[in-house]
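Beneath this line is the structure, given in C-alpha cells, with notes to follow.
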Amino acid sequence: MGLAEIVEQGMKKVNSQRTQETLGDRTEYIGASDMGQCPRKAVLDRFTDEVDLATLINFERGHMAEDMLERALQAEGYSSIERGVEVRDETPAGTPLRIHLDFCHRGPN
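Our numbering numbers the first residue of the sequence shown as 1018 and each following residue consecutively.
In C-alpha cells, the structure reads:
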C-alpha cells in the first residue's frame, strides 16, 4: 500500500470517529446540512461512507479553522464559547431533525 492510500485510510478513520463523536449516527436523522440539497443525495449519503481524499482534507481544514477561531475568540476574552451545540426537534410527522452548531456564544463574555 502506497503513502496516499495509507493517508486516505487513516483520514477516513479519523473522520468516521469524529463524526460519530460529534454528530452521532447520521443514518438516524436528517441534519440541517441535508436541507436544500438533492433529496436523493441526502438519502444516499446516509448509506455510504465513500468520501474521497480531497473531501476528507477539506473536512480536516474546516476543523482546523474552527480550532483557530475558537482560540482567537478566547484570546479576546470570549470564554463562554460552546462547540458542537445540538438542537433537536421532530416534525409533526415524527421525522427527527437535528441542527449541529459549530460555535455558540451566549450572552456576555
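Just so you know, even glycine gets a beta-carbon here, dropped at the ideal spot from N, CA and C.
A straight line joining the alpha-carbon of Ile1098 with that of Pro1056 spans about 33 Å. Boundaries for Arg1100: no alpha helix (DSSP H) harbours it, while the beta strand (DSSP E) harbouring it runs 1098 to 1107, taken from the DSSP string.
Per the coordinates, the alpha-carbon of Leu1070 lies some 21 Å from the alpha-carbon of Asp1084. Non-local C-beta neighbours of Val1104 in its own chain, meaning closer than 6 Å and more than five positions away in sequence, comprise Ile1116, ordered along the chain. Between Gly1027 and Glu1038, the alpha-carbon positions lie close to 17 Å from each other. When the Cα atoms are used, Thr1065 and Val1031 turn out to be separated by approximately 16 Å. Going by DSSP, Phe1076 is part of no beta strand (DSSP E) but of the alpha helix (DSSP H) stretching over 1070 to 1092.
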